[in-house]
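Protein chains in written order, with the working numbering: chain A, 1 to 323; chain B, 324 to 646. For each residue, glycine too, the CB sits at the ideal point set by N, CA and C.
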């Protein structure tokens with residue numbers, strides 16, 4: 001598959017940081033950034049830009065949860081690169097200090113990605129507008145659409161369609177619940193209600209489908225694709241960047257730096273934190289559940305592989321919730 | 324996805340046995356058989372039926388490589404089941420004693436699957452004819468079509484099309500090299516040259532695509548699907564049976580016995596043998612290589628995770644082979 005319009009966004013640090021409260025070392029982040037530069041990816045999302053708060057105190061969270069300008073500049077300056085990727089950062093609705101955001105020429109960031117549930121789309125739109133006025137590229141990443149009432153989602157999409165300040169609208173499979181046919185059906189919905197907006201796709205690997213669903217999104221016309229080195233990310237993780245670059249066949253990409261950083265950085269990291277497919281996340285994705293119950297099960301050494309018990313309990317809770 | 328014509332073949336023991344020379348315990352095989360029965364799958368492939376030989380001496384290989392009638396009958400008799408799956412066994416061209424095969428009413432087998440490379444399709448057809456004359460359902464599993472010259476494959480397919488004794492023709496992604504678009508393109512080729520033959524699909528998980536490619540085969544009209552419990556199988560393994568049953572939504576299937584046997588049998592087995600996706604198999608699949616180099620790398624404790632070295636070396640060998 002080759003299509004010149006396709007762009008790739010590496011969200012290794014941002015989505016991977018959800019596993020370890022953004023406690024990656026500077027060495028690690030610089031190595032991943034250098035690999036991203038040399039691989040030719042288009043965007044590099046380096047973390048979240050949350051406000052320091054009672055929920056997110058600086059002593060518990062790593063620097064990639066706050067992304068202070070000087071920290072990020074040091075990463076960028078650590079690697080010479082002819083065509084460096086644009087630097088993206090994520091804003092979570094309700095956890096940011098928007099007033100503190102400076103214009104684009106005074107920060108190291110190029111793109112701001114706004115993550116919002118369907119219920120908060122209008123808040124997300126307001127943030128997008130402010131970011132665009134300050135000069136940034138913008139995305140709106142609508143989380144967990146598979147758990148939304150379709151009419152609510154459609155209304156939200158219609159509103160985003162009118163927002164000239166929004167550059168990309170993201171379809172996000174937060175629960176890892178999509179099969180390829182759902183990707184197609186949601187992309188159709190997004191195109192129907194927000195026909196003006198270029199689309200992005202962000203998958204999760206609960207059912208071993210993050211990579212294949214990303215391919216399906218490409219087939220369905222999506223041109224901005226999220227992926228992470230080695231598929232690192234919360235729970236079952238994301239689409240593997242190295243598999244995606246192999247698939248894309250675009251000569252602007254070079255997969256070798258990605259395999260190099262896997263060998264040198266990811267292999268040792270895999271000894272300390274867990275991500276990727278397993279039976280528990282498979283069930284969670286199939287049942288279109290928020291991954292929190294699955295993550296709790298995986299954190300329980302006694303029961304982490306008890307997929308049969310997890311399946312029965314999940315179905316029992318589903319049934320109980322209906323009564 | 325629900326289509327009543329779809330049938331599922333559990334090849335856990337046959338493909339899984341490639342990892343450990345078929346040294347599964349009787350307890351393990353009986354537990355997997357019982358789970359298959361209770362889950363409602365249509366076929367259960369219990370091993371290979373190879374002739375005892377210098378290459379396959381009985382003291383090195385487990386009983387599931389020979390599948391003597393009395394051993395298989397004991398498994399079948401170990402579990403009461405209202406609708407038991409049909410029992411399949413695999414024949415490898417050139418490694419069998421066809422003259423020793425008895426008529427269907429004198430053996431525990433219902434289906435014989437004949438595995439053949441493209442070059443041996445005519446030998447495979449001869450075996451299929453003999454098996455059908457003795458009363459068995461038959462399949463011809465053409466191995467590694469992604470490594471065959473398409474004209475040779477097309478000729479072979481045309482010949483199979485005329486063989487009334489052949490019940491199913493299999494598309495096999497032996498190298499785990501297919502993307503969904505290749506599945507579609509090969510299914511079209513098979514339908515063009517062998518339009519009379521119902522098709523089967525057997526995937527491998529080198530690029531995390533065994534399950535999604537099986538979905539694509541379904542979309543493209545394939546009705547007999549191979550899968551294994553927990554995706555066990557040589558190298559990167561196969562399509563996970565539990566994910567497939569979830570996807571199929573057919574009320575005749577019950578996924579619970581599969582999760583139960585995973586929890587009770589597969590979880591401890593995973594401590595002793597390895598299967599499933601990793602970076603090395605991902606590269607091997609992408610490069611459309613026989614998995615032997617990848618398996619060798621994984622067997623080398625020092626280098627098993629050196630994916631960058633493996634990538635460079637594989638490309639170097641490819642380049643050298645061209646000169």
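task = Decide if residue 531 (chain B) is buried, meaning its Cβ has at least 16 other Cβ atoms within 10 Å, or exposed.
result = buried
query = So which residues on chain A does residue 579 (chain B) lean against when the C-beta distance must stay under 8 Å?
reply = 308, 311, 312
ask   = Between residue 463 (chain B) and residue 492 (chain B), is the Cβ-Cβ spacing less than 8 Å?
value = yes
query = From the beta carbon of residue 218 (chain A), is the nearest beta carbon of chain B less than 8 Å away?
reply = no
ask   = Hey, quick one: how far does the beta strand (DSSP E) through residue 435 (chain B) stretch, first residue to last?
value = 434 to 440
task = Could you have a look at residue 444 (chain B) and say whether DSSP puts it in helix, strand or coil?
result = helix
ask   = What three-state label does DSSP hand residue 594 (chain B) in the structure shown?
value = coil
ask   = Does residue 570 (chain B) come within less than 8 Å of chain A when only Cβ atoms are used?
value = yes
ask   = Name the DSSP bridge partner or partners of residue 200 (chain A)?
value = A:170, A:224
request  = For my contact list, residue 99 (chain A) and residue 43 (chain A) are in at a C-beta cut-off of 8 Å; report their separation, rounded to the angstrom.
outcome  = With a Cβ gap of about 25 Å, residue 99 (chain A) and residue 43 (chain A) do not count as contacting.
message = Quick check: the Cα distance between residue 53 (chain A) and residue 66 (chain A), rounded to an integer number of angstroms?
response = 11 Å
ask   = Between residue 429 (chain B) and residue 455 (chain B), which are expected to be in contact by the criterion C-beta below 8 Å, what is the C-beta distance as a whole number of angstroms?
value = Not confirmed; about 16 Å, so no contact.
inquiry  = Do residue 75 (chain A) and residue 63 (chain A) count as a contact pair if the criterion is CB distance below 8 Å?
reply    = no
ask   = Thinking C-alpha only, which one of A:184, A:147, A:273, A:204 is nearest residue 240 (chain A)?
value = A:204
query = Is the CB of residue 302 (chain B) under 8 Å away from at least one CB in chain A?
reply = No answer is possible for residue 302 (chain B): the residues shown for chain B start at 324 and end at 646.
Spatial distance of residue 259 (chain A) from residue 606 (chain B) (CA atoms) = 10 Å
key: Contained beta strand (DSSP E) runs [length at least 3] in the stretch 450 to 518 of chain B, N- to C-terminal order   = 460 to 466, 491 to 495
task = Reducing DSSP to helix, strand and coil, say where residue 331 (chain B) ends up.
result = strand
ask   = Count the other CB atoms within 10 Å of the CB of residue 325 (chain B); is the residue buried (16 or more) or exposed (fewer)?
value = exposed
query = What in chain A is Cβ-close to residue 328 (chain B), meaning under 9 Å?
reply = None at all; the shortest Cβ gap to chain A is about 18 Å.
query = Does DSSP put residue 412 (chain B) in a helix, a strand or coil?
reply = strand
request  = Please check if any C-beta of chain A sits within less than 8 Å of the C-beta of residue 508 (chain B).
outcome  = no
query = So is residue 336 (chain B) buried or exposed if we call it buried at 16+ other beta carbons inside 10 Å?
reply = buried
ask   = Which residue from A:314, A:249, A:281, A:316 puts its Cα closest to that of residue 4 (chain A)?
value = A:249
message = Can you pull out the residues from the stretch 600 to 621 of chain B whose beta carbon lies closer than 8 Å to at least one beta carbon of chain A?
response = 600, 602, 605, 606, 609
request  = Name, please, each residue of chain B whose Cβ falls closer than 7 Å to the Cβ of residue 155 (chain A).
outcome  = Result: empty, since nearest Cβ-Cβ is about 29 Å, beyond 7 Å.
query = Applying a beta-carbon distance threshold of less than 9 Å, which residues of chain A neighbour residue 534 (chain B)?
reply = 207, 208, 209, 212
ask   = When the Cα of residue 113 (chain A) is compared with those of A:226, A:321, A:251, A:306, which residue comes out closest?
value = A:226
query = For residue 40 (chain A), does the three-state DSSP call read helix, strand or coil?
reply = coil
request  = Kindly identify the DSSP beta-bridge partner or partners of residue 563 (chain B).
outcome  = B:551
request  = For residue 179 (chain A), return the contacting residues in chain B, with the cut-off set at a CB-CB distance below 9 Å.
outcome  = 324, 535, 538, 570
task = Would you mind giving the Cβ-Cβ distance between residue 577 (chain B) and residue 333 (chain B), rounded to the nearest angstrom? I have them listed as a contact below 8 Å.
result = Incorrect: roughly 13 Å between the Cβ atoms, too far for contact.
inquiry  = I'd like to know if the stretch 228 to 244 of chain A and the stretch 261 to 278 of chain A are in contact, where contact means that at least 3 CB-CB pairs between them fall below 8 Å.
reply    = yes
query = Relative to the alpha-carbon of residue 575 (chain B), which residue among B:407, B:630, B:383, B:512 has its alpha-carbon at the smallest distance?
reply = B:407
ask   = Does the beta-carbon of residue 246 (chain A) have 16 or more other beta-carbons within 10 angstroms, so that it is buried, or is it exposed?
value = buried
task = On a CA-only basis, which of A:242, A:300, A:315, A:306 is nearest residue 35 (chain A)? Give me that one, please.
result = A:242
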